[in-house]
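Q: First residue of the sequence shown? That's 2 in our numbering, and the numbers climb one at a time after it.
Where a beta carbon is used, it is the ideal one built from N, C-alpha and C, also for glycine.
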Amino acid sequence: MGKLIVISGASGVGKGTVVKEMMAARKDLFFSVSATTRPPRPGEQDGVDYYFVTREQFRDMIEKGELLEYDEHAKNFYGTPRAQVEQKQEMGHVLLDIEPNGAKNVKKNYPEAVLVFIMPPSVQELERRLRGRNDTPEDQITIRMERAKWEMEQNVWYDHVVVNDDAGRCAREILAIIDQ
Ligand code: 5GP
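1) Which stretch, first to last residue, makes up the alpha helix (DSSP H) that contains N106?
2) Between E70 and N106, how many whole angstroms is the CB-CB distance? I'm expecting something under 8 Å.
3) State yes or no: is the C-beta of G13 within less than 9 Å of the C-beta of P138?
4) Report the option in H74, A75, Q58 and E73 whose CA atom is closest to the CA atom of V67.
5) Determine the contact status of A114 and I6, defining contact as a CB-CB distance below 9 Å.
6) Can you tell me the Cβ-Cβ gap for V95 and F53, rounded? I've got them flagged as a contact below 8 Å.
7) At which residues does the alpha helix (DSSP H) containing M153 begin and terminate?
8) Near R134, what residues of its chain come up, given a Cβ to Cβ distance below 7 Å and the 5 sequence neighbours on each side ignored?
9) What does M120 pair with, by DSSP beta-bridge criteria?
Printed below as a string of structure tokens:
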């Protein structure tokens with residue numbers, strides 16, 4: 002059985018790039034694809050980045066106990082389908098890109114999970130990256146920056162805190178943590 006690796010970090014911190022670098026470097030890592038009610042961003046693929054579902058479908062997954070954890074974030078629901086995590090754990094380590102409420106629930110149910118928090122080099126840099134992405138409306142940027150500040154305060158109870166000053170370097174640091 003592979004390990005459960007939870008990766009959190011504020012929106013815009015570059016988690017996606019770090020995760021891609023990690024997956025490119027190693028064949029024994031599998032990404033947990035979450036279900037979400039938020040609409041796809043340009044370039045995002047259903048079943049690859051997320052399972053894009055309706056609120057009704059999401060509610061149905063909750064009621065059937067199909068989610069390992071879930072949370073509401075920026076007015077949308079996000080959750081981890083349990084079955085795919087268990088299948089992927091048979092093949093290797095599973096990476097969960099989830100926010101702190103979800104991370105806390107994973108740790109409660111799976112104390113052996115490894116929780117890693119990715120910090121930006123600075124708050125200013127985080128806001129710059131979020132705006133630079135050009136795919137997030139202004140009202141969402143305000144919500145996400147407020148949320149980011151709360152999220153970063155949560156890093157105290159993570160097992161490891163890493164700084165994304167460079168995606169490749171950050172990815173290597175997390176891989177070393179997984180191999181500990
Ligand atoms: P985004 O909309 O930018 O893709 O993700 C927003 C936030 O939702 C990120 O912090 C991401 O880590 C979190 N997230 C993605 N999938 C899940 C999930 O399955 N469960 C929880 N709790 N959070 C998730």
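A: On the basis of the data shown:
1) P101 to N110
2) At roughly 4 Å, the Cβ-Cβ gap stays under 8 Å, so E70 and N106 are in contact.
3) No, these two residues do not count as a Cβ contact at 9 Å.
4) The amino acid occupying residue 67 in the given sequence is Glu; Val does not appear at that position. E67 has its Cα closest to that of Q58, out of H74, A75, Q58 and E73.
5) Between A114 and I6, the CB-CB gap stays under 9 Å.
6) V95 to F53, Cβ: 21 Å. No contact.
7) E139 to E154
8) Here the set comprises G13.
9) V164
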